[in-house]
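Residue numbers (the numbering used here), protein chains in the order written: chain A, 1 to 204; chain B, 205 to 430; chain C, 431 to 517. Think of the CB as a built atom: it goes at the ideal place given N, C-alpha and C, for glycine as much as any other residue. Remember, it's a predicted structure, so these values are computed and weren't measured experimentally.
Below, the structure written as structure tokens:
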């Protein structure tokens, strides 16, 4: 189960509104490579992991991603808090505003609502961990793209830089988890069976 | 009958494909270097690896290395879209020339020869490519060794094809890859991320600002569009 | 720590909390590493002390840390996303 700590993992205190940035950054909330997807992916995959350490990694990183989701939502709410109608109408943000005002709704920058179709939980540890490695790289590159947009906004830049660095550390952890799964398998043929499903393998 | 697997020719062709100037040019954008990795005048990806040292030797010559190396990561950026089939990628197309491909691949065993069922040659193949068709299938032609004489192979739906080919083990290619020196420790068809070793830490305040307490895991972004 | 102002104590808690989380992830994949275990022990001790002081002096950080002083402080203090709060 989860406990909530009444504190952001990294402080977010944005003093200037920016509707364009908000429209871009919301992708890290509800977009295909965003934090909501990441947390749901890892917390779903952990149930099928045969190795306790790997289940631990997925639980702990999935939990941290929930905290990142909170950070991204905070960034968006602070960037849109005191927007004028003029600012809303002149930026691309009006499309989000008309359905959600300045509430927080998980959607991509292009307006596609969050979908579990962007994640997988295959029940196969090797496939799941490869997906997780890719997911962290996709999140990292999305943050690269956002960093290019907010160089002039230090309050936003620092928080995004933090979130980006986390993705790379998570990549390393998932890579190590994959190594642990490999250690539990026969290197003559890693793919002889699915350790989460099969009881044995006749060709090993 | 011999397959046309000229190891030396393959190596020379790989070398010829890559020019240091091209490597440096195509690596212009590869600037994920950590600030303290570069001395003045160093060319990223040529004079030292871009990845801040994943184990690749900075002095390795352009074009050397294993086929699944990362451009700008493990070796100079030389991935041109018009590279010949079989070059540089582990997912070889079935019509690749026998002998090209990753080290120790066995033609007709580890990958298809490209032969048609019942022994016909694929389109565009010349006999000098090293394969011949042979519709006669006799038990006496079957050998247990993988690289001798005639051999019957079956595809996934059970169609038999007679092939007469001899493969040669490719030795001498990419043997300088540090992963190759570890023998069977890293079998193919799998990804391997190196283990993080305990190293220097940032203090908590700095670690929070950087996004990690581990100096070894801190790879900053410094890309610019213009 | 006892005499730190609210902002400084919160800064200490945030950075120590992050360090503990980061060490925890490292230990998930390096469960026997003595350096990691030692660092984890030091920082989590520091974190526990800092949180105890903060919750006593200022406001609860979790639903388990609400002091019984006649009002339900859990909902009285600002939430982390509300501007002006360093949380």
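Exercise for review: Could you pull out every residue in the same chain whose Cβ sits closer than 7 Å to the Cβ of residue 109 of chain A, ignoring the five residues on either side in sequence?
Suggested key: In the first chain, the residue the question calls residue 109 of chain A occupies position 109. Cβ within range, chain order: 23, 24, 26, 27 and 31.
Review point. So what does DSSP say about residue 113 of chain A, is it helix, strand or coil?
Key: Indexing the first chain from 1 puts residue 113 of chain A at position 113. Residue state for residue 113 of chain A is assigned as strand, using DSSP reduced to three classes.
Check your understanding: Are the beta-carbon atoms of residue 71 of chain A and residue 8 of chain A separated by less than 8 Å?
Key -> For the purposes of this step, residue 71 of chain A is taken as the residue at position 71 of the first chain. For the purposes of this step, residue 8 of chain A is taken as the residue at position 8 of the first chain. Yes.
Review point. Within the 8 Å Cβ cut-off, does residue 50 of chain A reach chain C?
Key: Residue numbering aside, residue 50 of chain A sits at position 50 when the first chain is read from its first letter. Chain C contact via Cβ: absent.
Point to revise | Chain-ordered chain A contacts of residue 459 of chain C [CB-CB under 8 Å] | key: The residue labelled residue 459 of chain C in the question sits at position 29 within the third chain. Per Cβ cutoff of 8 Å: 53, 57, 173, 176, 177 and 180.
Exercise for review: Specify, as a first and last residue, the run of the beta strand (DSSP E) that residue 486 of chain C falls within.
Suggested key: Against the third chain, residue 486 of chain C aligns to sequence position 56. Membership of residue 486 of chain C in any beta strand (DSSP E) is not indicated; the residue belongs instead to the alpha helix (DSSP H) covering 464–487.
Review point. What does residue 463 of chain C reach in chain B if we use C-beta pairs closer than 7 Å?
Key: Reading the third chain from its first residue, position 33 is the one you call residue 463 of chain C. For residue 463 of chain C, the C-beta contacts it makes with chain B under 7 Å involve 402, in order along the chain.
Practice item. Output yes or no for whether 8 Å exceeds the beta carbon distance between residue 222 of chain A and residue 103 of chain A. Key: Only positions 1 to 204 of chain A appear in the structure, and residue 222 of chain A is not among them; the question remains open.
Point to revise | Spatial neighbours of residue 43 of chain A in its chain, beta-carbon cut-off 6 Å, leaving aside the 5 residues before and after | key: Counting from 1 along the first chain, the entry for residue 43 of chain A is found at position 43. Beyond the five residues adjoining it in sequence on each side, residue 43 of chain A comes within less than 6 Å, by CB distance, of 62 in the same chain, given in chain order.
Check your understanding: Between B/426, B/417 and B/422, which lies nearest to residue 469 of chain C when the distance is taken from Cα to Cα?
Key -> The residue labelled residue 469 of chain C in the question sits at position 39 within the third chain. Residue B/417 is the option with its Cα nearest to residue 469 of chain C.
Review point. Under three-state DSSP, which class holds residue 358 of chain B?
Key: Here residue 358 of chain B refers to the residue found at position 154 when the second chain is read from its first residue. Of the three classes helix, strand and coil, the one that applies to residue 358 of chain B here is strand, per DSSP.
Check your understanding: Is there at least one Cβ from chain B nearer than 8 Å to residue 474 of chain C's Cβ?
Key -> Along the third chain, read from residue 1 onward, the residue named residue 474 of chain C stands at position 44. No, because no Cβ of chain B sits closer than 8 Å to the Cβ of residue 474 of chain C.
Point to revise | Within chain A, partners of residue 500 of chain C - CB distance below 9 Å | key: Reading the third chain from its first residue, position 70 is the one you call residue 500 of chain C. The contacting residues do not exist; residue 500 of chain C stays about 20 Å from chain A at best.
Check your understanding: By a C-beta neighbour count over all protein chains shown, 10 Å radius and 16 as the cutoff for buried, is residue 363 of chain B buried or exposed?
Key -> Counted from its first residue, the second chain places residue 363 of chain B at position 159. So residue 363 of chain B counts as exposed.
Check your understanding: Are residue 150 of chain A and residue 143 of chain A touching if we call contact CB-CB under 8 Å?
Key -> For the purposes of this step, residue 150 of chain A is identified with residue 150 of the first chain, where counting begins at 1. For the purposes of this step, residue 143 of chain A is identified with residue 143 of the first chain, where counting begins at 1. Going by C-beta atoms, residue 150 of chain A is not nearer than 8 Å to residue 143 of chain A.
Review point. So what does DSSP say about residue 323 of chain B, is it helix, strand or coil?
Key: The residue labelled residue 323 of chain B in the question sits at position 119 within the second chain. With a pLDDT of only 42 at residue 323 of chain B, under the threshold of 50, the placement of this residue in the model should not be trusted, and no figure is reported.
Review point. When you compare each of A/75, A/116, A/117 and A/140 to residue 18 of chain A by their alpha carbons, which one comes out closest?
Key: As a working mapping, residue 18 of chain A is identified with position 18 in the first chain. Closest by alpha carbon: A/75.
Practice item. Ignore the nearest five residues each way along the sequence and tell me which others in residue 78 of chain A's own chain have a CB closer than 6 Å to its CB. Key: By 1-based counting over the first chain, the position of residue 78 of chain A is 78. Taking residue 78 of chain A as the centre and dropping the five residues before and after it, the same chain places the C-beta of 14 closer than 6 Å to its C-beta, in chain order.
Review point. Exposed or buried, what is residue 440 of chain C when buried is set at 16 or more other beta-carbons lying within 10 Å of its beta-carbon?
Key: The residue you call residue 440 of chain C lines up with position 10 of the third chain. When all chains shown are included, residue 440 of chain C counts as buried.
Exercise for review: Could you please give me the residues that DSSP links to residue 364 of chain B through a beta bridge?
Suggested key: The residue you call residue 364 of chain B lines up with position 160 of the second chain. The partner list for residue 364 of chain B (beta bridge, DSSP) reads B/358.
Point to revise | Under 7 Å by beta carbon: chain C residues contacting residue 409 of chain B | key: Numbered from 1 along the second chain, position 205 holds the residue referred to as residue 409 of chain B. Around residue 409 of chain B, the beta-carbon contacts reaching into chain C at under 7 Å are 445.
Review point. If you count every other CB in all the chains shown that lies within 10 Å of the CB of residue 493 of chain C, and 16 or more means buried, which is it?
Key: Within the third chain, the letter at position 63 stands for residue 493 of chain C. By the Cβ neighbour-count rule, residue 493 of chain C is exposed, with fewer than 16 other Cβ atoms within 10 Å of its own.
Practice item. Quick one: list the residues of chain B neighbouring residue 190 of chain A, beta-carbon separation under 9 Å, in chain order. Key: On the first chain, residue 190 of chain A is found 190 positions in, with the first residue counted as 1. Here the neighbours are 391, 393 and 394.
Review point. Which parts of the segment 371–409 of chain B are runs of the alpha helix (DSSP H), unbroken and 4 residues or longer, counting only runs that do not cross its ends?
Key: DSSP assignment within the segment 371–409 of chain B yields the following whole alpha helix (DSSP H) runs of 4 residues or more, N-terminal first: 382–385.
Review point. Can you tell me whether DSSP reads residue 98 of chain A as helix, strand or coil?
Key: Counting from one through the first chain, the residue named residue 98 of chain A turns up at place 98. Note: residue 98 of chain A maps to helix in three-state DSSP.
Check your understanding: Do you know how far the Cα of residue 54 of chain A is from the Cα of residue 231 of chain A?
Key -> Here chain A covers residues 1 to 204 and nothing more, so residue 231 of chain A does not appear.
Check your understanding: Per DSSP, which one or two residues make a beta bridge with residue 418 of chain B?
Key -> Against the second chain, residue 418 of chain B aligns to sequence position 214. As computed with DSSP, residue 418 of chain B is found in a beta bridge with B/405.
Review point. What in chain A is Cβ-close to residue 491 of chain C, meaning under 7 Å?
Key: Start at 1 with the first residue of the third chain, and residue 491 of chain C comes out as number 61. In chain order: 5, 6 and 7.
Review point. Is it buried or exposed for residue 511 of chain C, if we count other Cβ within 10 angstroms and need 16 for buried?
Key: On the third chain, residue 511 of chain C is found 81 positions in, with the first residue counted as 1. Under this definition residue 511 of chain C is a buried residue.
Review point. Taking 8 Å as the CB-CB cut-off, is residue 437 of chain C touching chain B?
Key: Residue numbering aside, residue 437 of chain C sits at position 7 when the third chain is read from its first letter. Interface with chain B (8 Å Cβ-Cβ cutoff): residue 437 of chain C is excluded.
Check your understanding: Does the beta carbon of residue 427 of chain B sit closer than 8 Å to a beta carbon anywhere in chain A?
Key -> Counting from one through the second chain, the residue named residue 427 of chain B turns up at place 223. At a cut-off of 8 Å, the C-beta of residue 427 of chain B has a neighbouring C-beta in chain A.
Review point. Can you tell which of A/141, A/199 and A/64 has its C-alpha closest to the C-alpha of residue 2 of chain A?
Key: Mapped onto the first chain, residue 2 of chain A falls at position 2. Of the candidates A/141, A/199 and A/64, the one whose C-alpha sits nearest the C-alpha of residue 2 of chain A is A/64.
Review point. Nearest chain A C-beta to residue 405 of chain B closer than 8 Å, yes or no?
Key: Counting from one through the second chain, the residue named residue 405 of chain B turns up at place 201. Closer than 8 Å: no.
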